[in-house]
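Taking the numbering used here, the leading residue of the sequence shown gets 191, the next gets one more, and so forth. C-beta atoms are modelled at their ideal positions from N, C-alpha and C, and glycine is treated no differently. This one's a predicted model, so the numbers in the text were calculated from it and none came from an experiment. Take a look at the structure set out below.
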Amino acid sequence: MSDSFKFAIDGVEVLARRGQSIMQAADAAGIYIPRLCDVEGLEPQGSCRVCIVKQSGRVVSACTQPVIEGSIVENESEEILG
Numbered sequence: 191m192s193d194s195f196k197f198a199i200d201g202v203e204v205l206a207r208r209g210q211s212i213m214q215a216a217d218a219a220g221i222y223i224p225r226l227c228d229v230e231g232l233e234p235q236g237s238c239r240v241c242i243v244k245q246s247g248r249v250v251s252a253c254t255q256p257v258i259e260g261s262i263v264e265n266e267s268e269e270i271l272g
């Protein structure tokens with residue numbers, strides 16, 4: 191089993207490592223997801239909800255949600271942007 195796999199953020203194919211959060215994988219790929227409480231030195235809590243995205247149709251916090259292999263993440267959908 192490989193340690194890395196692919197998923198998509200807003201139609202862009204992204205390579206992720208097992209155990210990474212959506213935000214970590216997005217950051218590594220140069221894709222910005224808005225955030226407030228995810229700062230260096232603090233454990234991600236997902237409580238501010240600024241980093242919400244849709245992962246395969248489900249609304250989740252990008253800072254705490256692990257990436258799922260083959261999933262489709264929407265960061266800029268109308269539902270998320272409001």
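Three-state secondary structure assigned by DSSP to Glu-266: coil
Using only the alpha-carbon positions, how far apart do Val-243 and Ile-221 sit? 13 angstroms
Is the stretch 244 to 251 in contact with the stretch 199 to 210, if contact means three or more CB pairs nearer than 8 angstroms? no
From the DSSP secondary-structure annotation, give me the bridge partner or partners of Pro-256. Ser-211
State the beta-bridge partners of Arg-248 as determined by DSSP. Gln-245
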